[in-house]
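Engineer: Pasting in a structure now, in structure tokens, and then I'll have a few things to ask.
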Amino acid sequence: MSWIDIEDVCVMVGSKALLSGVTLHVEAGTWCTIIGPNGAGKTTLVETVAGLRRVTSGRVSVAGQHIARLHERERARLVSLVPQQPEVPAGMTVHDYVALGRVAYHGLLHAPSREDRNVVESVLERLSLGDFAQRDVVSLSGGERQRMVLARALAQSTMVIVLDEPTTGLDVRHQMQLLELLKKEVADCGLTVLATLHDLTLAGQFADRLVLLDEGKVILDGPSREVVRSGELSEHYGMNLRVVDVDGSDVIVPVRH
Amino acid sequence: MTALTLVALVVAVICGLVVGPTSIGTWRVVGAMFAHVGIGHDTLTNLQSTIIWQLRAPRMVLGLMAGAMLAVAGGTYQGVFRNPLADPYLLGVAAGAGLGATFAIVDIGSGLVTPTWTPLLAFVGAMLAVAFTWLVGGRGLRSNTATLILAGVAVAALLTSVQTYLQQQASSGSIVRVYIWLLGSLASASWSSVLLVLPYVVICIVVCVMAGRALDAMSVGEDESRSLGIRVRQVRFIVIAASSLGTAAIVSAVGLIGFVGIIVPHIVRLLVGTSYRRILPISVFFGAAFLVFADTVARTILAPSELPLGVVTAAIGAPTFVLILSLRRGFVR
């Protein structure tokens with residue numbers, strides 16, 4: 000059963016096509032990562048699935064529901080978003096920031112319910128943020144901050160989570176740490192993940208499936224290992240990429256001419 | 000902090016009733032206040048009673064409402080526009096009200112309108128200005144807040160130019176009256192003016208305070224707020240409409256009182272933190288107390304003449320703000 004259905008989607012800005020005839024189905028409980036060079040349309044695609052961008056034609060459904068026809072609150076209970084450059088409001092505590100993920104449940108006029116508070120506490124605990132709960136969000140390091148943004152998305156208790164370059168600005172250890180946390184959530188809660196990543200090695204190691212996007216079109220779509228090992232990556236990234244097997248894992252290495 | 004603000008409010012109310020050119024003992028005034036609610040006896044003479052209940056009380060109540068409304072509207076605007084320089088006059092309320100009031104005072108059309116029309120035309124001018132800004136700024140719903148702010152600047156500039164032209168054409172007596180109105184005053188307060196603006200102010204303050212949770216959530220930006228389930232554009236419309244309507248009602252009654260709407264929310268923010276759930280309700284009480292204190296100074300320091308209220312709000316508010324800012328940053332030891 001697929002949770003995300005993208006059917007022949009086109010997104011135009013003026014006369015420029017950001018997405019052109021994109022069709023994609025993501026199965027429940029799987030992790031699909033979109034890869035591609037800058038300007039390929041990756042961010043546009045995840046924003047479209049999150050309901051933040053209107054499609055010019057085609058249709059995006061999540062759990063069988065047409066995303067553009069849903070009210071914001073209904074949509075926020077279906078899909079959560081980890082943006083590429085999240086805004087972090089100074090003066091807000093980590094706890095309050097994560098609790099924003101529950102707004103779709105208790106609304107804007109009511110205080111969080113006991114269940115809302117329990118969900119927030121649980122997420123803070125799972126992502127090892129409990130000790131930081133009362134700290135100002137701006138006092139966190141880059142890695143802690145990204146975990147906090149992931150925690151807010153998980154607090155939305157959605158079955159689908161979309162992430163736009165969630166590892167931007169993190170060192171290798173924190174990139175791995177964040178993706179491992181997400182992988183655990185996928186395994187424990189049956190989350191369906193649609194993510195974009197620039198790091199092809201990490202993309203290949205964590206995703207069940209990779210989709211190569213270029214100039215708004217799907218070029219390749221398949222199991223991670225097949226996409227990584229196809230010769231088309233080099234062509235679309237405009238450089239020589241070599242795949243090296245390290246202890247059974249594929250590592251993609253750019254080769255300087 | 001809430002308790003401290005409430006104490007300041009009670010002290011401001013008592014000052015507003017007790018302080019004035021005619022000396023009436025504090026405890027006699029307090030006794031008269033209690034007598035009004037059925038506790039104890041009123042020992043005021045008829046003249047003193049008239050001074051307290053027909054002159055000072057309506058002025059004090061209108062001051063409370065004006066301070067509360069301007070402060071909460073300023074805080075709300077700062078939240079919805081995510082701009083620390085926002086004040087209740089951002090979208091052209093002041094320029095529109097100024098033009099409406101000038102229109103009434105300088106008597107365009109030889110007797111067609113009279114100065115008694117000033118509050119009505121100021122209110123209409125303020126609301127039309129905001130509506131015009133909303134339309135020019137892409138109807139607000141579709142546009143971003145920066146576009147709306149720029150539209151407000153353009154509309155205010157246009158209306159101010161018309162108002163300046165009218166002023167230039169007027170007699171010197173009219174110019175003085177326009178100038179006095181522009182600086183704001185509670186001198187013409189009466190129970191009828193209080194009752195006229197009361198419904199607007201109460202409803203608008205309630206809506207603004209209830210928006211605190213929404214403004215906190217919207218501090219992560221428009222796209223992220225939408226992904227969290229917030230109908231950002233609808234919230235923005237309701238909040239701007241309530242702030243503008245309440246401000247227009249107050250301005251029509253007391254003229255343009257500057258500084259309260261921008262500085263009071265900042266002072267409160269420095270004291271209680273950045274959450275609008277706390278800033279907005281405390282701004283209501285702090286703004287109310289602040290304006291009544293300022294008015295008490297304005298009407299007594301040069302008695303029997305009065306200082307413009309806007310001069311006093313700036314003179315008291317600016318040093319207070321700087322002091323709190325310095326203390327918070329540890330500059331003053």
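Line by line, the protein sequences give chains A and B.
If you're matching positions, the first sequence starts at 0 in numbering that gives the first Met the number 0 and goes up one per residue.
If you're matching positions, the second sequence starts at 0 in numbering that gives the first Met the number 0 and goes up one per residue.
Glycine included, C-beta positions come from ideal geometry on N, C-alpha and C.
1) Just to make sure I have the definition right: I need the residues of chain A whose C-beta is within less than 8 Å of the C-beta of B:A216. Which are they?
2) Does any C-beta atom of chain A lie closer than 9 Å to the C-beta of B:T75?
3) For the beta strand (DSSP E) containing B:I281, name the first residue and the last one.
4) Comparing C-alpha positions only, which one of B:A169, B:F122, B:A302, B:A93 sits nearest to B:L157?
5) Chain B beta carbons: is any one of them nearer than 9 Å to that of A:H94?
6) Can you tell which of A:R241, A:D246, A:D198 has its C-alpha closest to the C-alpha of A:V252?
7) Would you mind reading off the limits of the alpha helix (DSSP H) that contains A:L193?
8) State the CB to CB distance for the pair B:C207 and B:S251, rounded to an integer number of angstroms; the pair is presumed to be in contact (CB under 8 Å).
9) Which same chain residues, not among the five before or five after A:E46, have their C-beta less than 7 Å away from its C-beta?
10) Tell me whether the segment 24–36 of chain B and the segment 164–173 of chain B touch, counting them as touching only if at least three CB pairs, one residue from each stretch, are closer than 8 Å.
11) Show which residues of chain B have a CB atom less than 8 Å away from the CB atom of A:G67.
12) Below 7 Å on C-beta distance, what does A:M158 contact in chain B?
13) Of all the residues that make up the segment 271–297 of chain B, which are near chain A by a beta-carbon distance shorter than 7 Å?
14) So, are the CB atoms of B:A11 and B:T295 less than 9 Å apart?
15) DSSP three-state label for B:R332, please.
16) Given a cut-off of 9 Å, decide if A:R146 and A:L162 are closer than it, judged by their beta-carbon atoms.
17) Would you say B:V234 faces chain A, with C-beta separation under 9 Å as the test?
18) Residues of the segment 63–90 of chain A with a CB closer than 9 Å to any CB of chain B: list them in chain order, please.
19) Given this structure, state the Cα-to-Cα distance separating B:F102 from B:G124, to the nearest angstrom.
20) So what does DSSP say about B:T186, is it helix, strand or coil?
21) Roughly how many angstroms separate the alpha carbons of A:P82 and A:K216, rounded to a whole number?
22) Out of B:P20, B:C14, B:V6, B:V9, which has the shortest C-alpha to C-alpha gap to B:E305?
23) Give a yes or no on whether the C-beta atoms belonging to B:F80 and B:A247 are separated by under 9 Å.
24) Which residues of the segment 22–55 of chain A have a Cβ closer than 7 Å to any Cβ of chain B? Give them in chain order.
25) Could you spell out where the beta strand (DSSP E) holding A:W30 opens and where it closes?
26) Does any residue of chain B have a CB that is nearer than 9 Å to the CB of A:R208?
27) With C-beta atoms as the reference, is A:D220 less than 9 Å away from A:V226?
28) Let's test the definition: count the other Cβ atoms within 10 Å of the Cβ of B:G245 and tell me whether it reaches 16, buried, or not, exposed.
29) Please compile the residues from chain A whose C-beta is within a distance smaller than 7 Å of the C-beta of B:G213.
30) Under 8 Å Cβ-Cβ, which residues of chain A neighbour B:M209?
31) Hey, does B:E223 have any beta-carbon neighbour from chain A nearer than 9 Å?
32) Distance check for A:L99 and B:V175, CA to CA, integer angstroms please.
33) With burial defined as no fewer than 16 other Cβ atoms inside 10 Å of the residue's Cβ, what is the status of A:K183: buried or exposed?
34) At a Cβ threshold of 9 Å, is B:V219 touching chain A?
35) Helix, strand or coil for B:V105, going by three-state DSSP, please let me know.
36) Would you identify the three-state DSSP class for A:L80, choosing helix, strand or coil?
Structural biologist: On the basis of the data shown:
1) L99, V102, L107
2) no
3) It is not in any beta strand (DSSP E) - B:I281 instead sits in the alpha helix (DSSP H) that spans 275–299.
4) B:A93
5) no
6) A:R241
7) It is not in any alpha helix (DSSP H) - A:L193 instead sits in the beta strand (DSSP E) that spans 191–195.
8) Incorrect: roughly 18 Å between the Cβ atoms, too far for contact.
9) R52
10) no
11) Strictly speaking, residue 67 of chain A in this sequence is Ala, with Gly absent from that position. The premise fails here: A:A67 is roughly 13 Å from chain B at the closest Cβ pair, so nothing lies under 8 Å.
12) Result: empty, since nearest Cβ-Cβ is about 15 Å, beyond 7 Å.
13) G272, T273
14) yes
15) Note that B:R332 scores a pLDDT of 34, beneath 50, so its modelled location is shaky and nothing firm can be said.
16) no
17) yes
18) H70, E71, R72, E73, R74, A75, R76, V78, S79, L80, P82, P85, E86, V87, P88, A89, G90
19) 10 Å
20) A small correction: the amino acid at residue 186 of chain B is Ala; Thr does not occupy that position in the sequence shown. B:A186: coil per DSSP, three-state reduction.
21) 22 Å
22) B:P20
23) no
24) A49, L51
25) 30–34
26) no
27) yes
28) buried
29) Inspection of the sequence shows that residue 213 of chain B is occupied by Ala rather than by Gly. Residues of chain A passing the Cβ test: L107.
30) L108
31) yes
32) 52 Å
33) exposed
34) yes
35) coil
36) strand
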